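Protein chains in written order, with the working numbering: chain A, 1 to 130; chain B, 1 to 130.
Positions of the beta carbon are idealized from the N, C-alpha and C atoms, including for glycine.
Since we're looking at a predicted model, the values are computed, not measured.
Read the structure below first, then the notes.
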DNA sequence: TAACGTTTGTTATAATATAACATATTTGAG
DNA sequence: CTCAAATATGTTATATTATAACAAACGTTA
């Protein structure tokens, strides 16, 4: 079972770094940042990332192979995620829009497939880069 | 400029394989399949894939690092893509739903970002795997 | 036909991710 | 409490995905 509250040492270390970051972090950049804390191997990072994703504490931005903290209670355990991604400065913003989320969560494919989960990535230029 | 019609030799070889495939193909699996045709290096595959994506002939399934042929004229040069992905058998189906596409294409983020493009991936179990 | 852009070929390497195994720690049922 | 099961850790090695850099060939088209 996925634990509800408590994070293990490594999980907490990794989550702290991701939460403090201004943008999405890559696994190896997290690794380089925690080597002073005694974490030396990619496996240790990837294991923590996997658990944090399961718990819904972070999300993976698939198009960037990078990770951001979840700022959105609506996506409850990452069943319904949407992001806005700037193609210039790489900024990523989690979209929390109840209508959008509802619309997509209830979307059903014609071919009879029932969806459990979706991930949506929007791309453009953010205010600053426009 | 992106060429309109003609594909180069390598581009055609790569596209043929992707179009014939039943499911998404990974870059290195494409590579192994074309070594008999004199293509030996990953670069050759990735270059062809990049151009085919630009031309809208194929799409990348970001969550799988794999590539599928475009079956949908609606997504015109990959500005608006949506896929249905089976978590069991790995089947990928391109969704072409005008309403969905229109809804998302006109979606505007509250924070003032104007989107140029989106990619949506739905996950679940397909008919067979259900 | 010369200049430019595009494609190709090639070698090397970077970046991302998992396998496999041994040990330690935590948790919960009895 | 206590021991068995589940979870987490540490570690080495390796697999997978992707790009850098450079030289040569090809194909437009002015």
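In this structure, the CA atom of residue 11(A) is about 14 angstroms from the CA atom of residue 40(A). For secondary structure counted as the alpha helix (DSSP H) over 4 or more consecutive residues, the stretch 72–117 of chain A holds these complete runs in sequence order: 98–105. Selection 76(A), 99(A), 35(A) evaluated against residue 52(A) yields 76(A) as nearest (Cα-Cα). For the pair of segments examined, the stretch 97–114 of chain A was found not to touch the stretch 54–64 of chain A: the number of CB pairs separated by less than 8 angstroms stays below three. The criterion of a C-beta distance shorter than 7 angstroms is satisfied by residue 18(B) and residue 67(B). In summary, the residues of the stretch 75–106 of chain B whose CB is separated from some CB of chain A by less than 8 angstroms are 84, 86, 87, 93, 95, 97, 100, 103, 104, in the order they occur in the chain. If the five residues before and after residue 79(B) are omitted, its C-beta is found closer than 6 angstroms to the C-beta atoms of 117, all from its own chain and listed in chain order.
In the DSSP assignment, residue 61(A) forms a beta bridge with 66(A).
For the pair residue 34(B) and residue 58(B), the CB atoms are not nearer than the 7 angstroms cut-off.
Close partners of residue 67(A) in chain B (Cβ separation under 8 angstroms) are lacking, with about 14 angstroms as the shortest Cβ gap. In the three-state reduction of the DSSP assignment, residue 31(A) falls in the helix class.
At least one CB atom of chain B sits nearer than 7 angstroms to the CB of residue 120(A). Under the criterion of beta carbons closer than 8 angstroms, residue 71(A) and residue 90(A) do not qualify as touching, at roughly 17 angstroms. Interface annotation, residue 117(B): in contact with chain A, CB-CB separation under 7 angstroms. With a cutoff of 7 angstroms on beta-carbon distance, residue 82(A) and residue 120(A) are scored as near each other.
Taking 7 angstroms as the CB threshold, residue 109(B) lines the interface with chain A.
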